[in-house]
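For the record, the sequence lines run as chains A and B.
Counted from 1, the first sequence has number 188 at position 189 by numbering that gives the first Met the number 0; the numbering is strictly sequential.
Counted from 1, the second sequence has number 283 at position 284 by numbering that gives the first Met the number 0; the numbering is strictly sequential.
Built from N, CA and C at the ideal position, the CB exists for glycine as well.
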Amino acid sequence: MNKGEFIEARELCKTYRAGGEDVYALRDVNLTVGRGEFLSIVGPSGCGKSTLLYLLGALVTPTSGSVVIDGAEPGNLSDAGLSRLRGRMTGFVFQRFNLLPTLTTRQNILLSQRIRGLRRGEGLDADEILARVGLGGKMHRRPSELSMGEQQRAAIARAVVHRPAILLADEPTGNLDSANSEMILGLFAQMHRELGQTILMVTHNHDVAKAAERTVQMRDGKIVNNPPSAVRLC
Amino acid sequence: MSGMVWANIRHRKTRSLVCVAATGIGIALLLVLTGLCRGMISEAAERLKKTGAQILVQPRGASGLLAFKGSSLPLKYAPELERIDGVAAACPVLTWTTTIRKVIYVVYGVDLKRYEAVGGKLQLVAGRPWDNPRECLVDTRLAEANGYRAGDTISILGSSFTIAGIYQSGVGAGVYLPLQTLQSSLHLEGMCSLFFVRTARTDAAAVQACAAAIDARLPALTAQILDRYEEIMVNEVTGLNEFFGVITTTALVISFLVILLTMYTTIIERTREIGILRSLGATKGFIVGLVVRESVLLSAMGVAAGFGFTLMAMLWLSRAHPLLTMALTPLAGFKAAMLGIGGGVLGALYPGLRAARIDPVEALLYE
Chain A
0 MNKGEFIEAR
10 ELCKTYRAGG
20 EDVYALRDVN
30 LTVGRGEFLS
40 IVGPSGCGKS
50 TLLYLLGALV
60 TPTSGSVVID
70 GAEPGNLSDA
80 GLSRLRGRMT
90 GFVFQRFNLL
100 PTLTTRQNIL
110 LSQRIRGLRR
120 GEGLDADEIL
130 ARVGLGGKMH
140 RRPSELSMGE
150 QQRAAIARAV
160 VHRPAILLAD
170 EPTGNLDSAN
180 SEMILGLFAQ
190 MHRELGQTIL
200 MVTHNHDVAK
210 AAERTVQMRD
220 GKIVNNPPSA
230 VRLC
Chain B
0 MSGMVWANIR
10 HRKTRSLVCV
20 AATGIGIALL
30 LVLTGLCRGM
40 ISEAAERLKK
50 TGAQILVQPR
60 GASGLLAFKG
70 SSLPLKYAPE
80 LERIDGVAAA
90 CPVLTWTTTI
100 RKVIYVVYGV
110 DLKRYEAVGG
120 KLQLVAGRPW
130 DNPRECLVDT
140 RLAEANGYRA
150 GDTISILGSS
160 FTIAGIYQSG
170 VGAGVYLPLQ
180 TLQSSLHLEG
190 MCSLFFVRTA
200 RTDAAAVQAC
210 AAAIDARLPA
220 LTAQILDRYE
230 EIMVNEVTGL
240 NEFFGVITTT
250 ALVISFLVIL
260 LTMYTTIIER
270 TREIGILRSL
280 GATKGFIVGL
290 VVRESVLLSA
300 MGVAAGFGFT
310 LMAMLWLSRA
320 HPLLTMALTP
330 LAGFKAAMLG
340 IGGGVLGALY
350 PGLRAARIDP
360 VEALLYE
């Protein structure tokens, strides 16, 4: 991997079984993401962009081809190794927020720290990060007691509390109105600026995609437009 | 993680309550049934020990409770027993059972003087010893349960007897009749069921030696040491240990199935949550641990509920059926707790492993 290349996908394929046949979700995808880059992946529903995001975040393994994240190849890792990689390197933000409904906002953050095995002083302080996303006064509320925008802010706080190198967001504004969408994109920009994270954001909305430094376009499981990275890769 | 376990249990209150109640019923079933069996046996053994005798002599091959009724020995063995080294006194006892107001009582036919000679002095709390063949003695439990007082008439084996006295319960039988009266009622003149033997020395070695001497001298009889009577009954009464085994297994299976079903449905319902945890970096071990911890907590609560149900059952039994005795020991409670929690852990393993195998992305897409 060249200097600056942080995530690299090579000849990436992913198939799923459907109706007894293999269906391609991704076909021969090549992509390089630089360290600290804010990249958006845009395309219509079903084009494979979420699958690509999950592959780049080591949440699934490819059918063929490989992903390399900071020199590590998830396909060669054991389940424990994969969990460690996910826990240390990545933070996910989902369209449906995916906060645990039985826990309060603060408990969601603390559980994330616990699962990732953070010791005292490692990562960000849970109360501080909740204050930074504007939820300082609502940290003891359960997700069902928060608005959608607040839930997504809590999800972002959970995703960055361990200071991951990569923040992956799957349609993070898909369920939000325009005001909340702007707020969330503003938070991403702030996290990117202050924490220097590599951000990969999937969206079908071209306006949302403009928040990123670079936009990759996908259609039918393939990348159809892959402009050069603004980050120096070599 | 324990905060999450508690939160899950609190969040699904109805299912948690049903799970705890069902496990509790299994534990209570185990404790009450085995407690009643043990209680009845312990009480019988304790009653025998309190006669003051050290050795019980029966026909060879007889064992446990069944041998008490119907076995017949000639009274002529009494002087033969008293001639054996180490035997201080031998008292013949004819035993039978009678039903009074639907409750079965053991009846001893004895010669009171010979009975007292082996140490079986009855502590009278009312009345006096009998002085004619149509009188009897009853214990305080029988008297209290039926409202009898000294001087009342009682029907035993189809004949009427006057209650001459009431003695403190816990010794020998519930009813005592003159030996000859019981013999003639049963057409067993000159016969008895067993002999109580008091040894000259009461240390364990001397009692053991005396029992061995009886066995050697009178091969048609067998001598059992009363200190070991409870153990002998549990081991020799046909099917008792098997019965305990069945009850224990049933409790274990109930606990296992309840937890299995609860955790399995929980896992299905929480598939998406498991996907979230996996996306946060949770290992398979973490997921299994989470499921097992939750089931251990539910099982522990079920065990606590089981103890509560058992106490309630004991309270009810003591009021509704005062003659039933339940024996609950800390060891029995500990074993029941271990069974309940062990069953819970076993029941959680399959759902836990299944949860750990869930694909994170499929789980996240689960509706």
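Identified DSSP bridge partners for G164 (chain B):
What you label residue 164 (chain B) is simply residue 165 of the second sequence in a count that begins at 1. BP columns for G164 (chain B) point to B:G126 and B:L136.
Under 9 Å from the C-beta of K283 (chain B): neighbouring residues of chain A:
As a position in the second sequence, residue 283 (chain B) is number 284, starting the count at 1. What K283 (chain B) touches in chain A: D78, A79 and S82.
Where DSSP assigns a beta bridge to N224 (chain A), which residues make up the other side?
Here residue 224 (chain A) corresponds to residue number 225 of the first sequence, with the count starting at 1. The partner list for N224 (chain A) (beta bridge, DSSP) reads A:Q216.
Going by the CB atoms, is the gap between G38 (chain B) and G342 (chain B) shorter than 9 Å?
By 1-based counting over the second sequence, the position of residue 342 (chain B) is 343. By 1-based counting over the second sequence, the position of residue 38 (chain B) is 39. No; because the gap between Cβ atoms is not below 9 Å, this pair is not in contact.
DSSP beta-bridge partners of R197 (chain B)
Within the second sequence, the letter at position 198 stands for residue 197 (chain B). Its beta-bridge partners are B:A88.
Backbone CA spacing between K283 (chain B) and L98 (chain A) [nearest angstrom]:
Walking along the second sequence from the start, residue 283 (chain B) turns up at place 284. Walking along the first sequence from the start, residue 98 (chain A) turns up at place 99. If I take the Cα positions, the gap works out to 20 Å.
Which residues, in chain order, does the stretch 299 to 328 of chain B contribute to contact with chain A at a C-beta distance below 7 Å?
none
Straight-line Cα distance separating G244 (chain B) from R113 (chain B):
Within the second sequence, the letter at position 114 stands for residue 113 (chain B). Within the second sequence, the letter at position 245 stands for residue 244 (chain B). Spanning the two alpha carbons is a distance of roughly 42 Å.
Under the three-state DSSP convention, the category S159 (chain B) falls into
Here residue 159 (chain B) refers to the residue found at position 160 of the second sequence. Three-state result, S159 (chain B): strand.
For chain C, find out if any of its Cβ atoms is closer than 9 Å to the Cβ of R157 (chain A); answer yes or no.
The structure shown contains no chain C; the protein chains it does contain are A and B.
For R192 (chain A), which of A:G18, A:A178 and A:F37 has the nearest alpha-carbon?
Residue mapping note: residue 192 (chain A) aligns to position 193 of the first sequence, counting from 1. For the residues A:G18, A:A178 and A:F37, the minimum Cα distance to R192 (chain A) belongs to A:F37.
Assigned secondary structure, G64 (chain A) (DSSP; H/G/I helix, E/B strand, else coil)
For the purposes of this step, residue 64 (chain A) is taken as residue 65 along the first sequence, with counting starting at 1. It is a strand residue.
Rounded to a whole number of angstroms, what is the C-alpha to C-alpha distance between Y104 (chain B) and T98 (chain B)?
For the purposes of this step, residue 104 (chain B) is identified with residue 105 of the second sequence, where counting begins at 1. For the purposes of this step, residue 98 (chain B) is identified with residue 99 of the second sequence, where counting begins at 1. Going from the Cα of Y104 (chain B) to the Cα of T98 (chain B) covers about 6 Å.
In the DSSP assignment, the beta strand (DSSP E) including M147 (chain A) goes from what residue to what residue?
In the first sequence, counting from the first residue as 1, residue 147 (chain A) sits at position 148. Where M147 (chain A) is concerned, there is no enclosing beta strand (DSSP E), although the alpha helix (DSSP H) it sits in stretches over M147 to V159.
Would you identify the three-state DSSP class for F93 (chain A), choosing helix, strand or coil?
Locating residue 93 (chain A) in the first sequence gives position 94, counting from the first residue. F93 (chain A) carries a coil assignment under DSSP once its states are collapsed to helix, strand and coil.
Does I114 (chain A) have its Cβ less than 9 Å from a Cβ in chain B?
Here the question's residue 114 (chain A) lines up with position 115 in the first sequence. Yes, I114 (chain A) lies at the interface with chain B (some Cβ there is under 9 Å from its Cβ).
Could you tell me the distance, in whole angstroms, from the CA atom of R213 (chain A) to the CA atom of I128 (chain A)?
What you label residue 213 (chain A) is simply residue 214 of the first sequence in a count that begins at 1. What you label residue 128 (chain A) is simply residue 129 of the first sequence in a count that begins at 1. Their backbone Cα atoms lie some 27 Å apart in a straight line.
What residue does the alpha helix (DSSP H) around M313 (chain B) start on, and which one ends it?
On the second sequence, residue 313 (chain B) is found 314 positions in, with the first residue counted as 1. M313 (chain B) -> alpha helix (DSSP H) spans K283 to A319.
Within this structure, are the beta carbons of I165 (chain B) and A125 (chain B) separated by less than 9 Å?
Residue numbering aside, residue 165 (chain B) sits at position 166 when the second sequence is read from its first letter. Residue numbering aside, residue 125 (chain B) sits at position 126 when the second sequence is read from its first letter. The answer is yes: Cβ separation under 9 Å.
What is the DSSP secondary structure of C191 (chain B), counted as helix, strand or coil?
Within the second sequence, the letter at position 192 stands for residue 191 (chain B). DSSP places C191 (chain B) in strand when its eight states are reduced to three.
Exposed or buried, Q151 (chain A), counting other C-beta atoms within 10 Å across all chains shown (16 or more means buried)?
What you label residue 151 (chain A) is simply residue 152 of the first sequence in a count that begins at 1. Under this definition Q151 (chain A) is a buried residue.
Whole-angstrom distance between G35 (chain A) and L52 (chain A), CA atom to CA atom:
Counted from its first residue, the first sequence places residue 52 (chain A) at position 53. Counted from its first residue, the first sequence places residue 35 (chain A) at position 36. So the two alpha carbons sit approximately 16 Å from each other.
By how many angstroms is the C-alpha of L259 (chain B) removed from the C-alpha of L65 (chain B)?
As a working note, residue 65 (chain B) is residue 66 in the second sequence. As a working note, residue 259 (chain B) is residue 260 in the second sequence. Bear in mind that a pLDDT of 44 at L65 (chain B), under 50, signals an unreliable position, so the number given afterwards is only what the model happens to contain. Near 42 Å, if we compare the C-alpha coordinates of L259 (chain B) and L65 (chain B).
How many angstroms separate the CA atom of C233 (chain A) from the CA atom of E4 (chain A)?
As a working mapping, residue 233 (chain A) is identified with position 234 in the first sequence. As a working mapping, residue 4 (chain A) is identified with position 5 in the first sequence. Bear in mind that a pLDDT of 45 at C233 (chain A), under 50, signals an unreliable position, so the number given afterwards is only what the model happens to contain. If you take the alpha carbons of C233 (chain A) and E4 (chain A), they lie about 8 Å apart.
Could you check the C-alpha separation between I213 (chain B) and S317 (chain B) for me, to the nearest Å?
Here residue 213 (chain B) is taken as the residue at index 214 of the second sequence, counted from 1. Here residue 317 (chain B) is taken as the residue at index 318 of the second sequence, counted from 1. One Cα belongs to I213 (chain B), the other to S317 (chain B), and the distance between them is close to 41 Å.
Since E272 (chain B) meets chain A, which of its residues come closer than 9 Å, beta carbon to beta carbon?
As a working note, residue 272 (chain B) is residue 273 in the second sequence. Per Cβ cutoff of 9 Å: N97, L99, P100 and T101.
Verify the CB distance criterion: does G45 (chain A) have a CB-CB separation below 9 Å to chain B?
Locating residue 45 (chain A) in the first sequence gives position 46, where the first residue counts as 1. Not closer than 9 Å to any Cβ of chain B, the Cβ of G45 (chain A) fails to qualify, so no.
In whole angstroms, what separates the C-alpha of M238 (chain B) from that of M232 (chain B)?
As a position in the second sequence, residue 238 (chain B) is number 239, starting the count at 1. As a position in the second sequence, residue 232 (chain B) is number 233, starting the count at 1. Checking the sequence, you will find Gly at residue 238 (chain B) rather than Met. Taken atom to atom, the span from the alpha-carbon of G238 (chain B) to that of M232 (chain B) is near 11 Å.
What three-state label does DSSP hand D110 (chain B) in the structure shown?
The sequence position of residue 110 (chain B) within the second sequence is 111, counting from 1. It is coil, neither helix nor strand.
Determine, using beta carbons only, whether A156 (chain A) and I198 (chain A) come nearer to each other than 9 Å.
Along the first sequence, read from residue 1 onward, the residue named residue 156 (chain A) stands at position 157. Along the first sequence, read from residue 1 onward, the residue named residue 198 (chain A) stands at position 199. No, Cβ-Cβ distance for A156 (chain A) and I198 (chain A) is not below 9 Å.
Residues of chain A with a CB under 7 Å from the CB of V360 (chain B): which are they?
Walking along the second sequence from the start, residue 360 (chain B) turns up at place 361. Correct list: Y53, L58 and V59.
Should R85 (chain A) be flagged as near chain B, meaning a C-beta pair shorter than 9 Å?
By 1-based counting over the first sequence, the position of residue 85 (chain A) is 86. So yes, R85 (chain A) belongs to the interface.
Run down chain B in chain order and give the residues with a C-beta less than 8 Å from the C-beta of F91 (chain A).
For the purposes of this step, residue 91 (chain A) is taken as residue 92 along the first sequence, with counting starting at 1. Ordered by position in chain B, the residues that pass the 8 Å Cβ test against F91 (chain A) are S278 and L279.
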